[in-house]
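Novice: Numbers 1 to 121, taken from UniProt numbering, label the letters of the sequence shown in order.
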Amino acid sequence: MGRGKVELKKIENPTSRQVTFSKRRNGLFKKAYELSVLCEAEVAAVVFSSSGKSFQFASHETIARYHSAIGLVQPESIFNQPARTAEVKLNEAEEMSRRGGDPSVTFQRFTNVMINEAPST
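Encoded structure:
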């Protein structure tokens, strides 16, 4: 017995919409991971929620390879770091906040490198 078709329209209930978003996002990332393992493909996926929060998955060094392909030069330390999800970064920021640090530093460290290292024209 197969699954029924889902009518593609906006989910009006905000709680149901958030639950569906989380489950489908995790399913998408799982499929991306499976594709990268089974086919030895380099896969990257970025998802933005309706609130603007970003979530990402990257296999191997896909993000660094993409930046290299478009001419965005990054420091060598970025190439040697494994890809991390936004949730990991958020957890680091929360931990930093608990210890009395500035939680925005974790995100700034990552985003500033990407913004500040753009090639000059």
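Virtual Cβ for every residue (Gly too), placed ideally from N, Cα, C. Since the model is a prediction, treat every value here as computed from it, not as a measurement.
Which whole-angstrom value is the C-beta distance of R3 and I11, which I expect to be below 8 Å?
Specialist: Contact doesn't hold; Cβ gap of about 17 Å is too wide.
Novice: On the DSSP bridge assignment, give the partners of S54 in chain order.
Specialist: In DSSP, S54 forms a bridge with F48.
Novice: Is there at least one Cβ from chain D nearer than 7 Å to V37's Cβ?
Specialist: Note that chain D does not occur in the displayed structure, where there is just one protein chain.
Novice: For G27, report the span of its alpha helix (DSSP H) as first-last.
Specialist: From DSSP, the alpha helix (DSSP H) with G27 extends over P14 to C39.
Novice: Run the CB neighbour count on A41, radius 10 Å, all protein chains shown included, and call it buried at 16 or more, exposed below.
Specialist: A41 comes out exposed.
Novice: Just reading off the alpha helix (DSSP H) that I63 is part of, what are its end residues?
Specialist: First-last of the alpha helix (DSSP H) with I63: T62 to A69.
Novice: Answer with buried or exposed for F48, where buried requires no fewer than 16 other C-beta atoms within 10 angstroms of its C-beta.
Specialist: F48 should be labelled exposed.
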